[in-house]
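Residue numbers (the working numbering): 9 to 307.
Backbone N, C-alpha and C define an ideal beta-carbon position, used for all residues, glycine too.
Encoded as structure tokens, the structure appears first; notes follow it.
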Amino acid sequence: MHFTVAIPTYNRADFLKINIENILKQIRQTKSNGELLIVDDGSTDQTQLVLENYHLDNKDIFRYIISPINQGIAKTRNILVKQSQGKYIIFIDSDVFPIDNLIQNHLDVLKENIICQGNLLLTYDIKNLNKKFNPLTDYSRAYFDTANVSISRSKIIEAGYFDEKFSKYGWEDLELGMRLKKMGLKLIRKKNIYAYHYQPKINLNSLQDYLDKEESRALGAIYFYQKHHLLAVKLMAQLTIFHYLLDVLLNLFFGFEKEKFKIYLENLEKKNYNKFVPIFRMYMSHYYIKKLKLLVTRN
Numbered sequence: 009m010h011f012t013v014a015i016p017t018y019n020r021a022d023f024l025k026i027n028i029e030n031i032l033k034q035i036r037q038t039k040s041n042g043e044l045l046i047v048d049d050g051s052t053d054q055t056q057l058v059l060e061n062y063h064l065d066n067k068d069i070f071r072y073i074i075s076p077i078n079q080g081i082a083k084t085r086n087i088l089v090k091q092s093q094g095k096y097i098i099f100i101d102s103d104v105f106p107i108d109n110l111i112q113n114h115l116d117v118l119k120e121n122i123i124c125q126g127n128l129l130l131t132y133d134i135k136n137l138n139k140k141f142n143p144l145t146d147y148s149r150a151y152f153d154t155a156n157v158s159i160s161r162s163k164i165i166e167a168g169y170f171d172e173k174f175s176k177y178g179w180e181d182l183e184l185g186m187r188l189k190k191m192g193l194k195l196i197r198k199k200n201i202y203a204y205h206y207q208p209k210i211n212l213n214s215l216q217d218y219l220d221k222e223e224s225r226a227l228g229a230i231y232f233y234q235k236h237h238l239l240a241v242k243l244m245a246q247l248t249i250f251h252y253l254l255d256v257l258l259n260l261f262f263g264f265e266k267e268k269f270k271i272y273l274e275n276l277e278k279k280n281y282n283k284f285v286p287i288f289r290m291y292m293s294h295y296y297i298k299k300l301k302l303l304v305t306r307n
């Protein structure tokens, strides 16, 4: 088999309905023999039912695997690699919605020693995917971002798979990318290989979930840098004096730790959402840097 479209998923049944139809259609339109493989990482919603329904009429090009428990994204991606039948793997996340011909566009440039990194356009509305690609704002600088990337399956195996010590949020794909880069794989980016990455509307009622995510990201960043003592990793993880100083300045201006900032944020969410979003993201960045500093002192 020439290629596998590999998708990990967890509690995204509604998104899968849109994605599966689109991807199955694209696979049937390609010039090559391919399949769709989805691994459900212990979902508690209707994901399994969605997968079963689509499998009934597409058994020739669609397989799925159900994990009885949530094992984490790195473990799930490794299952995808091990169970893929294609020579090449096209990774797509389950909250990423490909444009027409995305799969064929990947296949047109794929070779044995190539990584084809696609681009992502952020969207808050999956029913209105009409934003045009802007190379200034939507161009991906990632070396290996599995939201939209393709590669020879054998190269992932040669690199040693995804590191399953990244058990929570983030970094597992970028860390594998560092190892692939050391192996000498050439990176290709094409502006016609892009997809829409859905971002749910930020809601302060879920603030603790956002904070937990940033703490997990900080833990992963420390482990990432412990594996690769490189300036590129320090910059990606924001483990530099520049990032620390910028955080100090922003904290002096906004007072992230003060109670009145939280009141300000709540009011802003209600009255001016467009202004609220970038300030909320600065607050999350501050919390991430704060956790990074604590972890650095412990290590």
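- DSSP places R71 inside the beta strand (DSSP E), whose first and last residues are 70 to 75.
- Inclusion of T17 and I97 in the CB contact set at 7 Å is not warranted, their separation being larger than that value.
- About 6 Å separates the beta carbons of S158 and L118, which is inside the 8 Å limit, making them a contact pair.
- Non-local C-beta neighbours of I31 in its own chain, meaning closer than 6 Å and more than five positions away in sequence, comprise V13, L44, ordered along the chain.
- Within a 10 Å sphere around the beta-carbon of Y281 sit fewer than 16 other beta-carbons, which makes this residue exposed.
- Taking all protein chains in view, the Cβ of R289 is surrounded by fewer than 16 other Cβ atoms within 10 Å, so the residue is classified as exposed.
- Secondary structure at Y96: strand, using DSSP grouped into helix, strand and coil.
- In this structure, DSSP gives S214 a helical state, which the three-state scheme calls helix.
- For V58, same chain residues with a beta-carbon under 7 Å away, outside a window of 5 residues either side, are A21, L24, K25 in chain order.
- DSSP, reduced to helix, strand and coil, places L110 within a helical segment of the structure shown.
- Annotated three-state conformation of T84 is helix, per DSSP.
- Cβ neighbours of N259 within its own chain (closer than 8 Å, five residues either side excluded): E265, H294.
- For L195, the uninterrupted beta strand (DSSP E) run begins and ends at 194 to 206, by DSSP.
- Q125 is bridged by DSSP to V157, R197.
- For the 7 Å CB-CB criterion, Y177 and R225 form a contact.
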